[in-house]
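Beneath this line is the structure, given in structure tokens, with notes to follow.
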Amino acid sequence: MKWWQIKKRDADLERELRSDLELEEEEQRDNGLSAEDARYAARRAFGNQTLIKEHTHEAWGWTPVERLLQDARYAFRQLLRTPGFTLVALLIMACGIGASTAVFSILDSVLLRPYAFRDPGQIVVWREVLQEVAKEYPSVPDNYRHFVYLRSHASTIQDAALIQNASFAIAADGDHPRIEKGLNVSPNFFTMLGVTPMLGRFFLPEDAQPGRNNVIVLSWVAWQDLFHGDSGIVGRTLKMKGQPVTVIGVLPRDFEFPVVNEMRSGASPDQTFPYEIFQPFVPQGDALTSDDAEFAFLVIARLKQGGTVPQASTELSSLLRAYSATNHLTVHLSAVVEPLSQEVTGNIRKALWLLFAAVLGLLLIASVNLASLQLARAIAHERDNALRAALGAGRTRIFQAAFMESVILCLTGAALGIVFAVGGIRIFAAIAPENLPRLHEIRMTWPVLLFSCGISGVAAFLSGTLPALQSLRSDPQYALQSSSTRFSHGGHTSFVRRLLITLEIACTVVLLIVTGLVVRSFSRVLNQPHDFDPSRVILAEADLLSPRYDQPNGSGDSARSEVIDRMLDKIRSTPGVGSAAITSAMPLSGNNYVHSMYRPDHPLPESEVPTANLRNVSPGYFATMQTRLIAGHDLTTSERANPQSAIVSQKAAQAAWPDGQALGRKFKFEGRIYAVIGVAADARIANLKENIPVVYLPFWHDPPGAVFLLIRTSRGLDEFAPLIRRQVWDIDPEAAVPVIEMLDAQVGRSVAPERLVSVVLSLFGVAALVLAILGVYGVLAYSVSLRTPEFGIRVALGSSKLKLIRLVLLETLMPVGGGILLGLLASLAATRAIRSLLYETSPADPLSMVGSVGILLVATFMAAFLPAHRASRIDPMKVLRAE
Amino acid sequence: MPSTATQKQQRIGVLQGTLDMLILRTLLYGPAHGHQIGKHIQRTTNEFLQMQHGSLYPALHRLEERGWVSAKWETAPDRNREFKYYRLTDKGRKQLVVEESQWKQMAEAVARVMWPAAEES
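So the protein lines, in turn, are chains X and P.
So the first sequence is numbered by our numbering: it starts at 1 and just counts up by one.
So the second sequence is numbered by our numbering: it starts at 884 and just counts up by one.
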């Protein structure tokens, strides 16, 4: 029989019993009994009808389910009788489970979900280590010749492909070209990853021959965006940077290669969009011959089955060492291999795990809180349970009935929580840093739902077990004899509740301290002097892509210089513009364009030569950025034809001239000799968290293809952006302008991961604090209401109000004090684990510790004071009369 | 009262596990409803076996659940009323044979222990 037929069967049984009872009755009447006596006799013969029914139900085999449903109904009724409690408990659980689910879904899509390649776990990234610069740059990009050597010699590697980031200017609908990010890849790139084309084909080795690489593969998104999913796209020819290229294939929809950078942890804020265009990589120029320079590429490799990352690392390193020895290289090489997933998620990995740990801590606090609230209810229901036990209810049955309430609260909480989580994910996707890897992949999935079911089960277990066990403890005789509804209960319960509060406080302390540290670290990043002022500066990128800039023997460069000068003149003469300048690198995009500073007067071994980031800037750069010039003066237009002056940052000056006399000194940089005409303050233009040495050169010596205009103006962005575009296009209609925004926004984006973690952790911290207050208040308020008679007697015997308040407050002293102590101990371990996330903040930062504990103490004191105050106002007459 | 102390000595409850067999055996005569089955067992044993409704109905439903009997509401031949008639199924018939032989073995085993002399002679 199926259990949903039970109702029908029950009616059937009822009818059967009734009909047989009537037969029995008739028989008794036939025996000569009166109608009434016959009825009684028949009833007696039948015995306990309810019991018969119950036993028959058992014969059907669905009793456990029936009992479960019964208990569920009962629990529902109990919960509905106390709507206030139920609502609070539901909200607590919904928030806890919802937050956990949301954080987990982010974790799942960013860190856990595998890429859509074959065996994505086997895909690794390898870089070289240049002993000479290892102190500043633990790893460097790969050299082409080393790649070729390693690919053919390494036995731990199944296959390897070289990639290089590239921007492709595509003029899709005539007009101004669009810039699409993409990769130059070895022809075996896609086959190594194990993808099959959705349309057309992928690259063949001959596509990488010089002059034959005019073929491209489109990502699914590019195919949709640029060609509206045209199925006849394969074979079409279009113009890229003025040259015709042919589309030969389209990638499947789920394939997306994560954004990677040639430099380790150089994930720059401007690289937020997926790769859309792939072109074969053709090795040429210096790359083919150089063994000790041209570290400009990145290698993606697939490990042999069963091979591990450390094995590959060791093998590649020893191969490289042997290679540099046999070829008598001037540099000392080794290699470092990392799984692709780790490479991509790098810094955010630890931050997300921290958020996950924090949210689980929050869930634990919520569960403990619910357990504590439920425990109070279990005590209040002690008489009910005693009565049930006296009437013969089994222990399992009582336990099950009591446990059911927590199960219902957690399940309903989970359902609500998932709704919260869906909303939470939407909000998260809106506020999350755009450069969070795989952000747009975040969504609800089955594993996520499974996870939230799992944690709600754990929460039910955590919050339901103790109260259910409590309901078993009621001694029927003791409970029923007691005339008062508030008989004094053993010390056991209050001990357990205090233990729960201790645990809750301890978790809260850890969470608050971690939050305090992260927030302090973030505020330090923001508030330390960074020696430039991004407010009211508009940042615009203009990419000069016209073929006329590609002319040989310097005429292309001079054309570019001239265009840049004209743009600057035009912008500077616009009303409302204070000053304008250019730089050659996107601000806040990390350490890049690093070169050595050679001093002709003081030769050093290669490993000791200081390095600096190169920025090609125009005169007026320092005024626009408001970076102080500590000594000397700004670049001038006078040496446009023959640039020989440089401005160095203070750090670069100190590194190159430790004696402190930088002004007027000469150094060789990028193959030319420059004289220092100024020393600039250390502006953190590459990364707010890092003070890097910079050499500023007049841009005319090597005018950049991607020009970053900086415009200090009092006018708003919305009003000014179209004007800037028009001015750029007036001078070069073929220029692309992919970025126009406030420099502030770019600065904000560069610290977006830190901001996100700070904001989310702060939310969790506040939630934990609220829960802790609720917990302490709940326990104390209940304890006071139980001890009302005792307090009444105390007052009657002459106890003062102050003494009563002190008595109640003392009750919280142990659990709160113990919890804080426990929390401080636990936070020693927790803060050590997050050390790498902190910026110039000690894990033992006293302010965070003292502040967290202080806030918690004040909060719990306030939570405790209310019940204490209530205890002090007990009227002894009323209490004694009630007894 | 049907269950005073003296009556209890004269009538014993149906042995655990034998009730199923007795019901199946009773149904061998043809379909019957619960009341008839109970009365039949009681009368055949001259009221020696006391039929408890508390065990009769669960037993009937258990047999039905196992597929040894089938049940159907039918109009009684002698009166204008429907009763729930239980009917022996083929499976039930086989089960009856099994239970009968088990019971025989059991009774013989008990007898050998209780009256060893009688067995030898």
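Note that the Cβ used here is the ideal one computed from N, Cα and C, for glycine as well.
Item                                                                                                                                : Value
Boundaries (first-last residue) of the beta strand (DSSP E) holding residue 339/X                                                   : 333 to 339
Residue 979/P and residue 904/P closer than 8 Å at C-beta                                                                           : yes
Closest by C-alpha distance to residue 871/X, when choosing among 731/X, 784/X, 457/X, 835/X                                        : 784/X
Option nearest residue 599/X by Cα separation, candidates 506/X, 551/X, 658/X, 749/X                                                : 658/X
Interface positions of the region 14 to 31 of chain X facing chain P (Cβ-Cβ less than 9 Å), listed along the chain                  : 15, 16, 17, 19, 20, 21, 22, 23, 24, 27
In DSSP terms, what residue 184/X is bridged to                                                                                     : 164/X, 279/X
Residue 184/X versus residue 165/X: straight-line alpha-carbon distance, rounded                                                    : 6 Å
contact_flag[the region 729 to 741 of chain X, the region 683 to 694 of chain X] where n(CB pairs < 8 Å) is 3 or more               : no
Buried versus exposed, by CB contacts within 10 Å (16 or more), residue 996/P                                                       : exposed
Three-state secondary structure (DSSP) of residue 323/X                                                                             : helix
Sequence-distant residues of the same chain with beta carbon closer than 8 Å to residue 831/X, five excluded per side               : 513, 514, 517, 843, 844
Inter-residue spacing [alpha-carbon to alpha-carbon] between residue 450/X and residue 699/X                                        : 57 Å
Alpha-carbon to alpha-carbon, residue 651/X and residue 279/X                                                                       : 40 Å
Beta-carbon gap between residue 773/X and residue 706/X smaller than 8 Å                                                            : no
Residue 856/X, buried or exposed, once every other Cβ within 10 Å from all chains shown has been counted against 16                 : buried
Beta-carbon contacts of residue 867/X that lie in its chain and below 8 Å, excluding the five residues immediately before and after : 777, 780, 781, 783, 784, 808
Beta-carbon contacts of residue 848/X that lie in its chain and below 7 Å, excluding the five residues immediately before and after : 513, 516, 517, 520
Nearest neighbour of residue 721/X, chosen from 804/X, 386/X, 577/X [CA to CA]                                                      : 577/X
Entirely enclosed beta strand (DSSP E) segments - the region 652 to 715 of chain X, minimum 3 residues                              : 666 to 669, 672 to 680, 694 to 698, 706 to 713
Neighbour flag for residue 966/P against chain X, beta carbons, 8 Å                                                                 : yes
Collapsed DSSP secondary structure at residue 392/X in the structure displayed                                                      : coil
Euclidean distance between Cα positions of residue 665/X and residue 846/X                                                          : 45 Å
Bridge-paired residues (DSSP) for residue 956/P                                                                                     : 967/P
Distance, residue 330/X Cα to residue 294/X Cα                                                                                      : 14 Å
Cutoff 8 Å: residue 38/X Cβ touching any chain P Cβ                                                                                 : no
Reduced DSSP category for residue 827/X - H, G, I as helix; E, B as strand; rest coil                                               : helix
Cβ of residue 56/X within 8 Å of any chain P Cβ                                                                                     : yes
Residues from the region 926 to 939 of chain P in contact with chain X, defined by Cβ distance under 8 Å                            : 935, 936, 937, 938
Pairwise C-alpha distance: residue 96/X and residue 916/P                                                                           : 58 Å
Where the alpha helix (DSSP H) containing residue 130/X begins and where it ends                                                    : Here residue 130/X belongs to no alpha helix (DSSP H); instead the beta strand (DSSP E) covers 123 to 130.
Classification of residue 302/X by the beta-carbon crowding that lies within 10 angstroms, buried from 16 upward                    : buried
Start-to-end residues for the alpha helix (DSSP H) that takes in residue 789/X                                                      : 788 to 796
Residue of 77/X, 405/X, 836/X, 841/X minimising C-alpha distance to residue 465/X                                                   : 405/X
Residues in the region 902 to 927 of chain P having any Cβ partner in chain X nearer than 9 Å                                       : 916, 917, 918, 919, 921, 922
Boundaries (first-last residue) of the beta strand (DSSP E) holding residue 611/X                                                   : 611 to 617
For residue 177/X, the nearest candidate out of 758/X, 819/X, 737/X, 769/X (CA to CA)                                               : 737/X
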